[in-house]
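Report on the following structure.
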Amino acid sequence: MAKEAPIDWLYDYTLQFLASPGWKIPIMSFIDEKCYAFDGEEENKLEYTTIHKEFQDMIDLLLENMCIELGASHEMFFRVVKAGLKNPTHRKYFEQVLATLNFMSFKKLMVKRNKELELEALQMMHTEGHANMEEVIKATSNKDQAEIEHAIAVSIAAEAERNRIQQEEEEMIRKAIEESESEYKRKLEEEKVRQAEIIREIQRKEAEKVAKMKEEQKRVYEEQKRKEIDQKRKEEEEFKRQEELRAQNKRLEDEMRRKMEEETKRLEAMRLEESKAQAKKIEEEAKKRESERNLPPVHLKKDANVDMSQFHKIDVTSELKVSEDLDEMNKKIAAKYSEKKVEENKGESLEQRTARLKMQRELLLKKKQEERANEMKNYVNNGGTDLSVKKDLGPLPPVISQDELEKRRNVVNKLRAAEH
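FYI, in the UniProt record's numbering the residues of the sequence shown are 1 to 420.
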């Protein structure tokens with residue numbers, strides 16, 4: 001076997017790239033943008049296949065640009081991926097490349113992300129008063145169920161990959177019989193033992209993961225239920241407090257009204273007394289003047305013209321009461337408007353509710369896109385490279401042939417034949 005060139009530098013760069021924002025941001029942006037079409041139905045729509053093809057093309061573009069950036073050959077990158085799949089610590093990063101080829105695993109991933117975004121949108125609507133706690137709890141349950149189904153799909157995909165490897169081994173058996181049947185059987189038995197150990201380990205880990213997810217789902221549900229009960233209790237206490245406050249305000253209003261009526265009566269009585277005293281004074285002055293002039297006594301006539309304008313003063317208390325009544329009326333109108341708005345929200349149709357939820361999701365996605373754009377900008381400013389844009393190949397290093405470039409375009413298809 002020919003001696004292969006060292007690839008440690010390429011391995012380190014590829015590992016860093018698969019864990020960097022340059023790899024994660026384009027993938028998460030694509031998933032967030034397209035996952036709305038995956039509603040969790042069992043039927044595999046034609047649209048799903050189209051989106052999966054677009055996702056594979058994007059992965060091809062990222063890997064193609066990375067190879068161009070480094071001037072690495074197809075064989076070098078192929079060796080890096082095989083080495084990464086054999087490394088227990090780094091395996092999860094390199095399995096991302098192979099996971100894009102499995103349609104069912106991709107579908108469950110999109111459904112899971114769709115449920116996560118729906119839950120985030122409902123939580124925001126609940127904070128704003130446009131969704132109730134039952135909807136949030138239901139969305140949480142749907143998200144947890146989608147996570148379990150995604151984990152199962154990944155397990156099935158791994159099993160399919162193991163079956164594919166087994167088929168390849170069977171083909172190798174046929175070819176190896178001609179060379180050394182006994183030697184091959186020995187190696188096959190060792191491989192079967194190793195594969196059986198791997199399968200048992202995978203099954204054990206999957207069982208533990210599913211058990212933990214179910215336990216977490218139960219804990220979240222109980223926590224949400226407890227919060228709902230607390231919220232209901234607080235609402236009832238607040239309602240009682242408001243009722244007591246309204247009763248107290250009514251008592252104060254009645255007391256104020258009674259005092260104002262008594263004050264009005266007292267002022268009216270005072271004005272009447274003052275009027276009588278003034279009339280008596282005028283009559284006495286008239287008699288006095290007549291007496292001084294030695295004129296015959298003149299009796300004060302009932303229809304004498306007396307200037308009573310000074311007794312008709314402005315009733316300030318009445319005007320103050322009118323102003324308070326207007327303020328109270330404005331408050332009642334505002335309260336009725338607020339109650340009407342809440343009732344309108346409660347009476348939304350299914351189409352209106354769906355449209356509101358979709359609008360909330362669009363606002364949430366716009367916010368996430370801005371955050372990822374800023375993260376990618378910081379990544380590039382710190383020396384990273386945005387590989388999500390098609391690169392101009394330009395003049396290639398002399399060590400890379402045209403055949404080499406053709407192999408790069410088929411890199412993902414070749415990875416399906418990688419040995420774990």
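Where a beta carbon is used, it is the ideal one built from N, C-alpha and C, also for glycine. A quick note: this is a predicted structure, and the numbers were derived from the prediction, not measured.
Residue burial classification, asparagine 382 (beta-carbon count within 10 angstroms, cutoff 16): The count along the sequence shown starts at 1 and reaches residue 382 at position 382. Under a 10 Å Cβ-count criterion, asparagine 382 is classified as exposed, with fewer than 16 other Cβ atoms of the shown protein chains found around its own Cβ.
Exposure of threonine 14, with buried meaning 16 or more beta-carbon neighbours within 10 Å: By 1-based counting over the sequence shown, the position of residue 14 is 14. Classification for threonine 14: buried.
CA-to-CA distance, alanine 211 to glutamine 16, given in whole angstroms: Taking the sequence shown and counting its residues from 1, the one referred to as residue 16 is at position 16. Taking the sequence shown and counting its residues from 1, the one referred to as residue 211 is at position 211. One C-alpha to the other measures close to 32 Å.
C-beta atoms of glycine 84 and tyrosine 11 nearer than 9 Å: In the sequence shown, counting from the first residue as 1, residue 84 sits at position 84. In the sequence shown, counting from the first residue as 1, residue 11 sits at position 11. A contact, by the Cβ cut-off of 9 Å.
Close Cβ partners of isoleucine 7 (< 8 Å) along its chain, the five nearest in sequence each way excluded: For the purposes of this step, residue 7 is identified with residue 7 of the sequence shown, where counting begins at 1. Answer for isoleucine 7: Met76, Arg79, Val80 and Ala83, listed in chain order.
8 Å Cβ shell around aspartate 303 - same chain, five flanking residues per side excluded: By 1-based counting over the sequence shown, the position of residue 303 is 303. In this prediction, aspartate 303 has a pLDDT of 48, which is less than 50 and means its spatial position is unreliable; what the coordinates show is noted afterwards. Cβ-Cβ distances below 8 Å link aspartate 303 to nothing in the same chain once the five nearest sequence neighbours on each side are left out.
Chain-order list of residues whose beta-carbon lies under 6 Å from that of serine 388 (same chain, five-residue window excluded): As a position in the sequence shown, residue 388 is number 388, starting the count at 1. Only Pro26 meet the Cβ criterion.
Coil, strand or helix - valine 389 by DSSP: Working through the sequence shown from its first residue, we reach residue 389 at position 389. Here valine 389 sits in coil by DSSP.
Given lysine 368 as reference, the closest of Met28, Glu222 and Lys115 once Cα atoms are compared: Taking the first residue of the sequence shown as 1, we reach residue 368 at position 368. Met28 is the residue among Met28, Glu222 and Lys115 whose C-alpha sits nearest the C-alpha of lysine 368.
Simplified DSSP assignment, three categories, for histidine 130: As a working mapping, residue 130 is identified with position 130 in the sequence shown. Coil, per DSSP.
Best match in Phe55, Arg257, Ser275 and Thr140 for proximity to valine 97 [C-alpha to C-alpha]: Residue numbering aside, residue 97 sits at position 97 when the sequence shown is read from its first letter. Checked all of Phe55, Arg257, Ser275 and Thr140; the closest Cα to valine 97 is Phe55.
Status (buried if at least 16 other CB within 10 Å, exposed otherwise) for residue 426: Residue 426 falls outside the range modelled here, since the chain spans only 1 to 420, and no answer is possible.
DSSP-derived helix/strand/coil call for histidine 420: Within the sequence shown, residue 420 is the residue found at index 420, counting from 1. Its pLDDT being 44, under 50, histidine 420 is placed unreliably by the model, and the measurement read from it follows with that caveat. DSSP places histidine 420 in coil when its eight states are reduced to three.
Member of Lys280, Met260, Leu267 and Met133 whose CA lies at the smallest distance from the CA of glutamate 222: Along the sequence shown, one-based indexing puts residue 222 at 222. Considering only alpha carbons, the answer is Met133.
Close beta carbons around lysine 143, own chain, < 7 Å, minus the five adjacent residues each side: Here residue 143 is taken as the residue at index 143 of the sequence shown, counted from 1. The answer, listed in chain order, is Lys115, Glu116 and Leu119.
Residue from Asp325, Gln145 and Phe103 with nearest C-alpha to methionine 213: Reading the sequence shown from its first residue, position 213 is the one you call residue 213. It is Gln145.
Whole-angstrom distance between glutamate 237 and residue 424, CA atom to CA atom: The shown model of the chain, from 1 to 420, leaves out residue 424, and the question about it has no answer.
Counted within 10 angstroms of its Cβ, other Cβ atoms place lysine 366 as buried (16 or more) or exposed: Stepping through the sequence shown from its first residue, residue 366 is reached at position 366. So lysine 366 ends up on the exposed side.
Supposed contact pair histidine 52 and phenylalanine 103 - C-beta distance, whole angstroms, cut 8 Å: To locate residue 103, count along the sequence shown from 1; it is residue 103. To locate residue 52, count along the sequence shown from 1; it is residue 52. 6 Å between Cβ atoms; contact.
Sequence-distant residues of its chain with Cβ nearer than 7 Å to leucine 396 (five each side left out): Working through the sequence shown from its first residue, we reach residue 396 at position 396. In this prediction, leucine 396 has a pLDDT of 42, which is less than 50 and means its spatial position is unreliable; what the coordinates show is noted afterwards. Around leucine 396: no qualifying Cβ.
Helix, strand or coil at proline 88 [DSSP, three-state]: Locating residue 88 in the sequence shown gives position 88, counting from the first residue. In the structure shown, proline 88 falls within a coil segment according to DSSP collapsed to helix, strand and coil.
Own chain residues within Cβ distance below 7 Å of tryptophan 9, not counting five before or after: Here residue 9 refers to the residue found at position 9 when the sequence shown is read from its first residue. If we look at tryptophan 9 and ignore the five residues flanking it on each side, it has no Cβ neighbours.
Where valine 111 falls, given that 16 or more other Cβ within 10 Å makes a residue buried: Here residue 111 refers to the residue found at position 111 of the sequence shown. Buried, because 16 or more other Cβ atoms sit within 10 Å of the Cβ of valine 111.
8 Å Cβ shell around glutamate 149 - same chain, five flanking residues per side excluded: Counting from 1 along the sequence shown, the entry for residue 149 is found at position 149. Answer for glutamate 149: Lys108, Val111 and Lys112, listed in chain order.
Three-state secondary structure (DSSP) of glutamate 41: The sequence position of residue 41 within the sequence shown is 41, counting from 1. The answer is coil: DSSP assigns glutamate 41 none of H, G, I, E or B.
Inter-residue Cα distance where the pair is arginine 194 and glutamate 183: Mapped onto the sequence shown, residue 194 falls at position 194. Mapped onto the sequence shown, residue 183 falls at position 183. Approximately 17 Å, taken between the alpha carbons.
Own chain partners of valine 412 with C-beta closer than 6 Å, once the 5 adjacent residues on each side are dropped: For the purposes of this step, residue 412 is taken as residue 412 along the sequence shown, with counting starting at 1. In this prediction, valine 412 has a pLDDT of 42, which is less than 50 and means its spatial position is unreliable; what the coordinates show is noted afterwards. Closer than 6 Å at Cβ, skipping near neighbours: Asp60.
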